[in-house]
Structures are given as structure tokens and as C-alpha cells.
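*Asks:* Have a look at this one.
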RNA sequence: GCGGCCGUGGUGUAGUGGUAACACAGGAGCUUGUGGAGCUCUUAUCACGGGUUCAAUCCCCGUCGGUCGCC
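Numbering (the working numbering), first residue to last: 41 to 436.
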């Protein structure tokens, strides 16, 4: 059940309430990533303190860990995670990309700088895609995943929202391959829908890469299927050349086809500017590994930009990590930059915990501010305020 | 005073007759449906002087410094 509560008149931004069997989610909302049924370093009270409303776990990784035997007796994600609120699961579709063509081309979700300059060395493609499904060949693990299997597993996992099985394509793919993958994905999605026997909300996923014709075709096709919500996949952020422009364009091509009254999720996005763009395009929820992954590597998100807290310049800096922040790490614990520096350098797990809690709060709080701004018709002001800060380059 | 051992980047250690490896620290960059609590770069006239050699950080002598033992 999804209810729109306010709209921005200059953009397609909207606020809404998404109700699931485990509570309500105020949208637009940021979704924390807990791939292995756990948001790394954070316990439930931390997640709540970080204003988390929704967490996404991953079908491929959990299946790999639990196996079919483990799933038979699985208590369900909510119990396993001790998370009584809303949850979603990714279908494993992204791993078709991340373990496959992404490795082969040395392309991350984002490649470095220009298209010619890849972010890492090409590695072995670990997947083989067929019409029916996908074979995965990791060193110590081989498996076959298809639409029916993904849905079966997602039903066993028991998240509130589940996703259709898809194949995201690389921005380096040509239009011919992208079309082929897209059409196959449409068939997999129809099968996902047919395989679903639970009352979980099932979202369809729009693909089509950077090609207008394909994005429109995909949105039209997926929107015509009786999904409970819709997701946009295969979107790439700013770092991939001019790809953020692509993301905005892609969303503009797709969104006219998506039913107004159903929730929309933007997969894998994003950074601050990407989130503003997504909201403006009418997207309601966003998942991204950035706050939690970067936290563990010492990158602290603040309104003034991103800090690398492991830098020597912070060794004696006794100011609060982010004086403008309202999170428990900055207010209750009054953590200083020097303290956090020390925790990281002594490899104390508390470092990752505090940084993750702070970063997740930063993004959840940003979404809360966005919601308020949409209600007050001040979204453009808020965006300008965030992006005009001196170090705002790290936001996009 | 005599004898032994040692003297390599900011720190701690490798190492080899053909100008140097690793860890940590420092600096720069990266991270977008988590393979990776991670990755890529970068920072040294190998104590000083002389000798042997085509070539010395590595061999020899000396100086200085440190360290242990003996008197």
C-alpha cells in the first residue's frame, strides 16, 4: 500500500507513505544495504538511531551462505536480523553484472573518469548467461540462479519487498547486446511474477542501459505487468564519464511510463546529487553501499563535504567529527576527529561502527530534509544549499 | 682501552657485486542493486670518507655513531 502525501510542483518529486507488514516507510527514503542479512558493524539500536527505515539484503549472497538446506529451516530475515521493521531483498540480478561483465571489463558500478580509463584491472568473468538463467562459477562455489529460483529463495527469506530477477548491462555494451539482455530480462521478469506465490510486494525492474529507445520500451513493458512497485536498474552515477546526465535522462525517459500510485525504487544510487536528481524524477526509495562501505574505509560524510578521517591532519584535532550533525556519535558520544582517527589506526571495530552510524544518519537525515522540503515546496533551495558548500564536489 | 656485533625511507625490519623489498606512519586518488572493513599511486643520493671492480648498498680500510662483553 502506497500513498502519496505531497508533491513538488517544479519537479516530479513526491512524498509518500509505503506500508508494509512490518511498518511504514516515509518516502523518499534511503535504504541501508545489509547484503549478508547484516548492516556491517551496526546493531539494530544503531540502525534505529541512524533513522533507518528500510534495509535491503541479497538473495545471491544469502543463498550461497545458507544453501537450500539452510533455507528450509530458515527463521526468516526479520528474526535473523532482529530487525522488526521493513526489509527488501535484491534478486541476485546485480551479481550477474558484478561477478560477470563488470569484472571482465574492469568496470565497477562506476568506472574511473573517462570511458577509456577503467577503474581496475579486468578479471575473469564468473558467470554464464543463458536464456533460462545464469550459472555462477566462483572458486569455491558454483550455482545456477533463474527467475523461479530467485523468487523461491526470496519467499523463503521473507522480506516485505522482493525484486524480479534481471540482468543489468554495462554502459560499455552496445545497443544490440543491451536490447538482447533487456528483452531476456523482460521474459525473466514475467517468470518472476508467475513464480511469486506470497503476499510480498514484488517490484519489476526497468533496464535498457543508456539508450532512450530501450529505456522507453523497457519501462512500457514492465509497467504493463502487474507488479506492486517498480525499480530502475542499471543506472550509473556521476563518475562514469557523463553518466549522471545519463541517469537523469534515463529517469526522464522511464518515469512517464510508471504508474503514479505505485512505489518506485532507484537501484544502487547514490551520492548526494544523484539522490536529489532521483527524487526530482519521482523516485521514492534508494539503496546505496556508499555510506556504509566508505565508513569502514574512513570516509566521513558531512554537510561540508567528505572527510578522510584517517589523515594525519586529524591526529590532534579535538573538534567534533561533524559539528552540524545530530547523530549520536556526534552529539551523545561527542566523538572528536582525533578520537575517530585513533580508533581507525588501532583497527578498533568501534571505528567502523561510529563512522557507519554517522554516515547512515547523514543520508537518512538528508532524505528527511528532502521530505520536508518537498512538503514545503523548497526542494530546489535545499539542493542548492547542499551542493553549494565548498567541498560539495564530493557529493557528486 | 681491547674485542665482537651493528649502522638501509619518518619508524621498525628485508635484501643483493649490477642503484633496493615489506609493514606501519605521511601525502594523493578511488569507492553508487557490497566479491573485496578494500584498492591504486607516491615518499630512500642504502651513516661518512677512501680503496678494489666495468660496476658497490652489498667486498676491504678508516672515521663517526650505537650496542654487548672484557679489563
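Ideal Cβ positions, reconstructed from N, Cα and C, are used throughout, including at glycine.
Return the CA-CA distance between residue 159 and residue 189, expressed in angstroms with no decimal places.
*Replies:* Per-residue confidence for residue 159 stands at a pLDDT of 49, beneath the threshold of 50, marking its modelled position as unreliable; no derived number is given.
*Asks:* Measure the Cβ-Cβ separation of residue 162 and residue 182 and say whether it is below 7 Å.
*Replies:* It is not a contact, given that the beta carbons lie outside the stated cut-off.
*Asks:* Let me know if residue 235 comes out buried or exposed under the rule of 16 or more other beta-carbons within 10 Å of its beta-carbon.
*Replies:* By the C-beta density criterion, residue 235 is buried, having at least 16 other C-beta atoms within 10 angstroms.
*Asks:* Kindly list the residues whose CB is nearer than 7 Å to the CB of residue 355, restricted to its own chain and excluding five residues on each side of it in sequence; keep chain order.
*Replies:* 378 and 381
*Asks:* Can you tell me whether residue 301 is helix, strand or coil according to DSSP?
*Replies:* coil
*Asks:* Since residue 324 contacts residue 67 with CB under 8 Å, what's their CB separation in whole angstroms?
*Replies:* 4 Å
*Asks:* Using the Cβ count rule (16 or more neighbours within 10 Å means buried), how would you classify residue 204?
*Replies:* buried
*Asks:* Suppose the cutoff is 6 Å on Cβ atoms and the five residues either side in sequence are ignored; what does the same chain contact list for residue 262 look like?
*Replies:* 244 and 246
*Asks:* Measuring straight from C-alpha to C-alpha, what distance separates residue 93 and residue 250?
*Replies:* C-alpha separation (whole angstroms): 31 Å.
*Asks:* What's the C-alpha gap between residue 44 and residue 385?
*Replies:* Those two C-alpha atoms are separated by around 46 Å.
*Asks:* Report the CB separation of residue 169 from residue 130 in whole angstroms; it is logged as a contact under 8 Å.
*Replies:* About 17 Å; that fails the 8 Å criterion.
*Asks:* What residue range is occupied by the uninterrupted beta strand (DSSP E) comprising residue 407?
*Replies:* Taken as a continuous stretch (DSSP letters only), residue 407 belongs to no beta strand (DSSP E), being part of the alpha helix (DSSP H) at 389-415.
*Asks:* Leaving aside the five residues before and after residue 336 along the sequence, list all residues of the same chain whose C-beta is less than 6 Å from its C-beta, in chain order.
*Replies:* 392
*Asks:* The beta strand (DSSP E) that contains residue 128, what's its start and end?
*Replies:* 126-130
*Asks:* Report buried or exposed for residue 331, applying the criterion of at least 16 other Cβ atoms within 10 angstroms of its Cβ.
*Replies:* buried
*Asks:* Within a Cβ cutoff of 6 Å, which residues of the same chain sit near residue 53, ignoring the five residues on either side of it in sequence?
*Replies:* Annotation for residue 53: 319, 320, 414 and 419 place their beta carbon closer than 6 Å to its own, counting only its chain and skipping 5 residues before and after.
*Asks:* Under a Cβ-count criterion, where at least 16 other Cβ atoms within 10 Å of its own Cβ denotes burial, should residue 299 be classed as buried or exposed?
*Replies:* exposed
*Asks:* Report the residue ranges of all beta strand (DSSP E) runs contained in full by the stretch 285-335; include only those spanning at least 3 residues, in chain order.
*Replies:* 304-306 and 325-327
*Asks:* Does the contact criterion of 3 or more C-beta pairs under 8 Å hold for the stretch 53-62 versus the stretch 393-408?
*Replies:* no
*Asks:* Is the CB-CB distance between residue 351 and residue 55 below 7 Å?
*Replies:* no
*Asks:* Between 80, 74 and 196, which lies nearest to residue 103 when the distance is taken from Cα to Cα?
*Replies:* Cα-wise, what sits closest to residue 103 is 196.
*Asks:* Use the C-beta contact count for residue 193: other C-beta atoms within 10 angstroms, 16 or more gives buried, fewer gives exposed.
*Replies:* With 16 or more Cβ atoms within 10 Å of its Cβ, residue 193 is classed as buried.
*Asks:* Taking DSSP's pairing of strands, which residues face residue 202 in a bridge?
*Replies:* In the DSSP output, where bridge partners are listed per residue, residue 202 has 129 and 242.
*Asks:* Using 10 angstroms around the beta-carbon of residue 211, count the other beta-carbons present and answer buried if the total reaches 16, otherwise exposed.
*Replies:* Per the 10 Å Cβ criterion, buried.
*Asks:* Looking at C-alpha atoms only, which residue of 173, 147 and 171 is the closest neighbour of residue 165?
*Replies:* Scanning 173, 147 and 171 for the CA closest to the CA of residue 165 turns up 147.
*Asks:* From which residue to which residue does the alpha helix (DSSP H) around residue 384 run?
*Replies:* Run containing residue 384: 377-385, per the alpha helix (DSSP H) assignment.
*Asks:* So what's residue 348 in DSSP terms, helix, strand or just coil?
*Replies:* strand
*Asks:* What residue range does the alpha helix (DSSP H) around residue 214 cover?
*Replies:* Here residue 214 belongs to no alpha helix (DSSP H), and DSSP marks it neither H nor E.
*Asks:* Name the residue from 258, 111 and 271 whose alpha carbon lies nearest to the alpha carbon of residue 134.
*Replies:* 271
*Asks:* Output the residue ranges of the beta strand (DSSP E) runs that lie fully inside the stretch 91-123 and measure 3 residues or longer, sorted by chain position.
*Replies:* Every beta strand (DSSP E) of 3 residues or more that sits fully in the stretch 91-123 is shown, in chain order, as 94-98.
*Asks:* Which value, in whole angstroms, describes the spacing of the CA atoms of residue 107 and residue 114?
*Replies:* 10 Å
*Asks:* Leaving out the 5 sequence neighbours to the left and right, which residues in its chain are closer than 6 Å to residue 303 when beta-carbon positions are compared?
*Replies:* Counting only Cβ-Cβ distances below 6 Å, and skipping sequence neighbours, we find 42, 58, 269 and 324.
*Asks:* Consult DSSP for residue 427 and reduce its assignment to one of helix, strand or coil.
*Replies:* helix
*Asks:* Would you list the one or two residues that DSSP bridges to residue 76?
*Replies:* Residue 76 pairs with nothing; no bridge assigned.
*Asks:* Whole angstroms is fine: what's the gap from residue 72's alpha carbon to residue 253's?
*Replies:* 32 Å
*Asks:* Which of the three DSSP states is assigned to residue 42 in this structure?
*Replies:* strand
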